Amino acid sequence: MIEVQGVTFFYPGTREPALENISLTIRPGEFLAITGPNGSGKSTLARLLNGLLRPGKGRVLVDGLDTADAASLVEIRRRVGMVFQDPDNQLVAATVEDDVAFGPENLGLPPAAVRQRVAAALEAVELADLKTRPPHRLSGGQKQRLALAGVLAMEPVYLVLDEATAMLDPVGREEVLKKVLALRREKGLAVILITHFMEEAALAERMLVLNEGRIILSGPPADVLQQEEGLAKAGLKAPAIVALGKSLRQAGVKLPASIVTVEEMARALWKLASGK
Amino acid sequence: MEISLREVSFAYKVGDRPLPVLESINVRVAPGDFLAITGSGGSGKSTLAMLMAGLLEPVAGRVILDGKPVRGRGKGKTHSAWHKVGMVFQQPEQQLFAETVADDVAFGPGNLGFTGSELETRVEEALRAVGLDPQKIGGHSPFRLSGGQQRRVAIAGVLAMDPEVLILDEPTAGLDPAGREQVLGVIRSFYRRPGKAVVLISHNMAEVAAMARQVIVLYQGRVALQGTPREIFRQGEALKTYGLIPPPLTRLMQELQRRGAPVSPEIFTLAEARAAILAWLGA
Amino acid sequence: MMVELGQYIPGTSCIHYLDPRAKLLGLFFYGLALLLAPTGITASLTGAAILPVIVLAGLAPSFIWRQLKPLLVFLVIIFFLQVALTPGEIIAAIGPLRITREGLDYGIMALARVFFLIVAASVLMATTDPLALADGLERLLRPGQRFGLPSVELALMLTLALRFVPTLLEEAERIMRAQVARGATFRGSQVKNLMPLIIPLFISAFRRAEGLAEAMEARAYRGGKGRTRMRELHFKPADYIFLLLAVLLVAGTAYYRLGFGS
Chain A
15 MIEVQGVTFF
25 YPGTREPALE
35 NISLTIRPGE
45 FLAITGPNGS
55 GKSTLARLLN
65 GLLRPGKGRV
75 LVDGLDTADA
85 ASLVEIRRRV
95 GMVFQDPDNQ
105 LVAATVEDDV
115 AFGPENLGLP
125 PAAVRQRVAA
135 ALEAVELADL
145 KTRPPHRLSG
155 GQKQRLALAG
165 VLAMEPVYLV
175 LDEATAMLDP
185 VGREEVLKKV
195 LALRREKGLA
205 VILITHFMEE
215 AALAERMLVL
225 NEGRIILSGP
235 PADVLQQEEG
245 LAKAGLKAPA
255 IVALGKSLRQ
265 AGVKLPASIV
275 TVEEMARALW
285 KLASGK
Chain B
18 MEISLREVSF
28 AYKVGDRPLP
38 VLESINVRVA
48 PGDFLAITGS
58 GGSGKSTLAM
68 LMAGLLEPVA
78 GRVILDGKPV
88 RGRGKGKTHS
98 AWHKVGMVFQ
108 QPEQQLFAET
118 VADDVAFGPG
128 NLGFTGSELE
138 TRVEEALRAV
148 GLDPQKIGGH
158 SPFRLSGGQQ
168 RRVAIAGVLA
178 MDPEVLILDE
188 PTAGLDPAGR
198 EQVLGVIRSF
208 YRRPGKAVVL
218 ISHNMAEVAA
228 MARQVIVLYQ
238 GRVALQGTPR
248 EIFRQGEALK
258 TYGLIPPPLT
268 RLMQELQRRG
278 APVSPEIFTL
288 AEARAAILAW
298 LGA
Chain C
2 MMVELGQYIP
12 GTSCIHYLDP
22 RAKLLGLFFY
32 GLALLLAPTG
42 ITASLTGAAI
52 LPVIVLAGLA
62 PSFIWRQLKP
72 LLVFLVIIFF
82 LQVALTPGEI
92 IAAIGPLRIT
102 REGLDYGIMA
112 LARVFFLIVA
122 ASVLMATTDP
132 LALADGLERL
142 LRPGQRFGLP
152 SVELALMLTL
162 ALRFVPTLLE
172 EAERIMRAQV
182 ARGATFRGSQ
192 VKNLMPLIIP
202 LFISAFRRAE
212 GLAEAMEARA
222 YRGGKGRTRM
232 RELHFKPADY
242 IFLLLAVLLV
252 AGTAYYRLGF
262 GS
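First to last, the sequence lines map onto chains A, B and C. According to the numbering used here, the first sequence holds residues 15 to 290 in order. According to the numbering used here, the second sequence holds residues 18 to 300 in order. According to the numbering used here, the third sequence holds residues 2 to 263 in order.
Printed below as a string of structure tokens:
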């Protein structure tokens, strides 16, 4: 469990807090989406979860370990893996397999164990065939899957994706997201997805909307995405499917408000049509 | 200004072997056109944009500006015709370099030889066109601005050269929804001016559908599909083969059609989708 | 686009197969021998020891030429400076230029040293995976850790450089094109004209460095302490033979240097 307790955070030299009095609990295995406009504090929150940033006020506990305790940081970072936005800035080695090895090497694992974890992680993200390739010769989606493998090789409990799909094309985005969700199913990983694509956030069990450093909406996507006003305050819009659902309901079509994805909508409409 | 590419091919050299990127491409853009070029990563979109902007030269075929075959920018004795073609690269904020926003925007028109009050006017107009106040922001360092603002400054730097054709490569990538809307608004208002043409390189099919009149789908360096957005969406499931993901409402229509509902897969706006579904359910 | 890094040419020759540490030490001994060789002729003969290595490595003769071509002017200047500026017994005079026997000898010696050292370094790069090279360097410098030498960090810096050179080159190309699209010409020698390229590149490099530091920290990096390596290196008999030959080369030139040979 990750517990964020009353956290306020200021960047050095600023007077406005980047985050103000945030409290939040993330359960193991949970799928949480965090959205909000640029500058709302999403990325700051992400960096507090693995101790890249320490709270000015309040505490962040990862399975009981305090991120303010320097002695726990290696274990915290092993548990909370993070994939960043820019694929090029997070790949550190000149080949795919050496990059995956970086984390386990930092954990001080013996060479044989490192090799085993690298092989397993590359298998999991389906990049085993490309293990000797230099990262700059991969596609965007492949690069992000590689970054994912680098995190998996540390056998994390929580996976934080900080706008990890923002720079990808739709196919690359789907490729990465599918992989992440499959890993969650197989390994029971908790996924914390930071995104400003509402379609992606809609897939989560729970979503948060941040604006100006505060949580302004929180709950299951089906509820949060109905709150047009709140979303608009954060410069966000409900996904097209949610908007369509609302519009159809207003026209008297009996659709449940919980529909957020294309597949759910197609199924519900089909049921309605064939029910007649 | 009319840009025309005839039977254009392009290849990069890797070692001694050519690596083909584009093959036998024919494209034409004339005033009043809004052309979207789409395709999956590696389909050659960005390369085609650079060929159309004269920043690369084809290995075969011809590039024709207003009826005259020309070489690339700065090659041979190329005249200023290329200056009427503006190009906004991916993440254009990375090209900002000057101490102030105004200086940066002035770089392009300055290179064209504009000075004094004429230059100032161009800079101010360009900043206003992207929704920034020249008085308020012109003296700021561009590096102090937010990501979305930086991008708009970079676009202003191209608009200040007063192009007739504006080529944009993934102009909204990486922006938040509000930032995306602002940039799309800038493009729309440029296009509304008489005699202008836009070429939008984008993998975002919702954007393509909402903005473009004509669409070219590239696949493995060749033109796979060409037509209006509706004609493209009519291909339905086939779009997946080209690595394209249609907008959500179009996907919904395709899914319903696949199940046997009598709805059109060409739909991409909320109003159309609503009408189509109500008609189907009501029948 | 498509920047191919360095001159590493993958292969299966016995030179490729050598331990990177043996090759690094070999290069060191070879350079030492070149420095010890006391005359133009001995330096040239010492330098020629690289020729069988090139043959064994399966590198084409044109390989040497390609490495040297960009440095040709530099080599010619070194040669002529030595020839022209060394006093001694005059053997020929062309206009104001007096060529001395000593000058010619020094010229040949200097040329041979620089020429062969460049060739040998190129052979090392061509036959060794850059990563293995960085690994080898780390292990060789490891004893220095006791004296505060950050060998792990140095090797990591080297791999990071290897990793980022292609990325930054691609970026430079893109920024250059973007500025050309804004009418920049990059002509003329004034630094001012290059600012639209240099400043964005610097900013981007700093931004990347920052992002990279963060990403490394997030992956539990905390300096060299406690860090292990996936790749292991083992000396094989061939490595010992190779090193023995290199040491013999040093001994030979030292023998001449001390005056026993002449």
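Beta carbons: idealized from backbone N, C-alpha and C, even for Gly. Predicted model, so just to flag it, every value in this text is computed and none were measured.
| query | result |
| --- | --- |
| Would you mind telling me which residues of chain A sit closer than 8 Å to C:TYR222, beta carbon to beta carbon, in chain order? | PHE116 and ASN120 |
| With C:LEU202 and C:GLU172 assumed to form a contact (beta carbons below 8 Å), what rounded beta-carbon distance in angstroms separates them? | 7 Å |
| Along chain B, which residues have their Cβ under 7 Å away from the Cβ of C:ILE176? | GLN111 and GLN112 |
| Judging by CA-CA distance, which residue of A:GLY27, A:SER86, A:THR49 and A:ALA82 is the nearest neighbour of A:GLN19? | A:ALA82 |
| Report the option in A:VAL171, A:VAL205 and A:HIS210 whose CA atom is closest to the CA atom of A:MET181. | A:HIS210 |
| Tell me whether the region 70-83 of chain B and the region 242-256 of chain B touch, counting them as touching only if at least three CB pairs, one residue from each stretch, are closer than 8 Å. | no |
| Counting along the chain, where does the beta strand (DSSP E) carrying A:LYS71 start and finish? | 71-76 |
| Helix, strand or coil for B:THR132, going by three-state DSSP, please let me know. | coil |
| Reducing DSSP to helix, strand and coil, say where C:LYS237 ends up. | coil |
| Taking buried to mean at least 16 other C-beta atoms within 10 Å of its own C-beta, is A:LYS157 buried or exposed? | buried |
| Check the DSSP bridge columns for A:PRO234 and list the partner residues they point to. | None, per the DSSP bridge assignment. |
| Note down, in chain order, every chain C residue with its Cβ under 8 Å from the Cβ of B:VAL175. | ALA182 and ARG183 |
| Report, in whole angstroms, the separation of the C-beta atoms of C:CYS15 and C:ALA206, which I expect to be a contact under 8 Å. | So it is not a contact: roughly 39 Å between Cβ atoms. |
| Here's the rule: buried if 16 or more other CB atoms are within 10 angstroms of the residue's CB, otherwise exposed. What is C:GLY104? | buried |
| May I have the straight-line CA-CA distance separating B:GLY165 from C:SER123, to the nearest angstrom? | 46 Å |
| Do B:VAL215 and B:ASP50 have their CB atoms nearer than 9 Å? | yes |
| Could you tell me the distance, in whole angstroms, from the CA atom of C:GLY136 to the CA atom of C:LEU36? | Here residue 136 of chain C is Asp; the residue named in the question, Gly, does not match the sequence. In a straight line, the C-alpha of C:ASP136 is about 27 Å away from that of C:LEU36. |
| Compare the C-alpha of B:ASN221 against each of B:SER281, B:LEU162 and B:PHE285 and name the closest. | B:PHE285 |
| Any idea what DSSP makes of A:SER37, helix, strand or coil? | strand |
| Can you tell me which residues form a DSSP beta bridge with A:ASN225? | A:ARG228 |
| Spatial neighbours of B:GLU289 within its chain, please: CB distance less than 6 Å, with the 5 preceding and 5 following residues excluded, ordered by chain position. | none |
| Which residues in chain A sit within 7 Å of C:ALA219, going by Cβ to Cβ distance? | ASN64, LEU66, ARG91 and MET96 |
| Whose C-beta lies closer than 6 Å to the C-beta of A:GLY186 among residues of the same chain, with five residues either side of it excluded? | GLY154 and GLY155 |
| May I ask you to check if the CB of A:PRO270 is nearer than 8 Å to at least one heavy atom of the ligand SAM? | Questions concerning the ligand SAM fall outside what the structure shown contains, since it holds no ligand whatsoever. |
| Where does C:CYS15 sit, in a helix, a strand or coil, going by DSSP? | helix |
| List, in chain order, every chain A residue whose beta-carbon is nearer than 8 Å to that of C:GLU233. | PRO125 |
| Beta-carbon within less than 7 Å of C:GLY27's beta-carbon, same chain only, minus the 5 sequence neighbours each way: which residues are those? | PHE243, LEU244 and ALA247 |
| In three-state terms, what does DSSP make of C:GLY7? | Here C:GLY7 scores only 45 on pLDDT, less than 50, and its place in the model is too uncertain to base an answer on. |
| By Cβ distance below 7 Å, which residues in the same chain neighbour A:GLN99 in space, the five residues on each side in sequence not counted? | ASP176, GLU177, ALA178, ALA180 and MET181 |
| Compare the C-beta of C:ALA179 with all C-beta atoms of chain B and state if any pair is closer than 9 Å. | yes |
| May I have a chain-ordered list of the beta strand (DSSP E) segments no shorter than 3 residues that lie completely inside the region 175-228 of chain B? | 182-186 and 214-218 |
| Mind reading off the beta-carbon distance from A:LEU46 to A:ILE206? Whole number of angstroms is fine, and I expect it under 8 Å. | 5 Å |
| If I'm right that A:PHE24 touches C:ARG220 with Cβ under 8 Å, what's the distance once you round it to whole angstroms? | Contact flag wrong, Cβ pair sits at about 26 Å. |
| Should C:VAL77 go down as buried or exposed, given a rule of 16 or more other Cβ atoms within 10 Å for buried? | exposed |
| For C:ALA252 and C:PHE30, I'd like the C-alpha separation in whole angstroms. | 10 Å |
| Using a Cβ-Cβ cutoff of less than 6 Å, which residues in the same chain neighbour B:ARG197 once the five nearest sequence positions on both sides are dropped? | THR189 |
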